[in-house]
Amino acid sequence: MSDHDFEQIFPLGAPNDAYAQFFTGQSYLAPLVPGSVPVSNVTFEPGCRNNWHIHHGGDGGGDQILICTAGSGWFQAEGADPISMEPGTVVRVPAGTRHWHGAKADSWFSHLAFITPGQDVSNEWLEPVTDDEYGKLPTEKENS
């Protein structure tokens, strides 16, 4: 499937080149809403995932909200079982949680992403999710 065949309600966006060093595979970024709570549509090609990372924030900020809008993907917090994300799945990632998210090996995946505002909100990128870790997850076909 090419990116032009992937049906979703939000734009695919441009290749996510500014953050490519923190992804395994190709992702795309479509900013949707600017301002104090910017919202973006992030699209992952099959097998694409971001590195482990932590969103930091104080004063109630820094939580990340992910809303799956198309395709099928994974979210995993450190020490927890992976969560299969399908359209309509919403995940709240509390500030300070080490985690990653991305597409299943055989499916495109899109989610809306935003960070709750607060003091000293930042993002800390860590190491990639290894092929061994990722390869242990079921594919979309295996879930069918």
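Its first residue numbered 40, the sequence shown is counted upward by one per residue in this note's numbering. No residue lacks a Cβ here, since even glycine has one placed at the ideal position from N, Cα and C.
Checklist entry - Which word fits TYR173, buried or exposed, when buried means at least 16 other C-beta atoms lie within 10 angstroms of its C-beta? => result In the sequence shown, residue 173 corresponds to position 134, counting from 1. Burial call: buried.
Checklist entry - Hey, would you say ILE106 sits closer than 7 Å to LEU71, going by beta carbons? => result Counting from 1 along the sequence shown, the entry for residue 106 is found at position 67. Counting from 1 along the sequence shown, the entry for residue 71 is found at position 32. Result no, Cβ atoms of ILE106 and LEU71 do not sit closer than 7 Å.
Next on the checklist: Suppose you measure from the CA of PHE45 to the CA of LEU68; what does that come to, to the nearest Å?
Outcome noted: Here residue 45 corresponds to residue number 6 of the sequence shown, with the count starting at 1. Here residue 68 corresponds to residue number 29 of the sequence shown, with the count starting at 1. Taking the straight line from one Cα to the other gives about 15 Å.
Checklist entry - For MET40, is the classification buried or exposed, using 16 other Cβ atoms within 10 angstroms of its Cβ as the cut-off for buried? => result Reading the sequence shown from its first residue, position 1 is the one you call residue 40. Only weak support exists for where MET40 lies, its pLDDT of 42 falling under 50; the value from the coordinates is given anyway. Exposed, since its Cβ has fewer than 16 Cβ neighbours within 10 Å.
Item to check | Host alpha helix (DSSP H) of GLY174 (start-end) | outcome: The residue labelled residue 174 in the question sits at position 135 within the sequence shown. Residues 170-174.
Checklist entry - If you draw a straight line from the C-alpha of PHE61 to the C-alpha of TRP139, how long is it? => result Here residue 61 corresponds to residue number 22 of the sequence shown, with the count starting at 1. Here residue 139 corresponds to residue number 100 of the sequence shown, with the count starting at 1. Taking the straight line from one Cα to the other gives about 11 Å.
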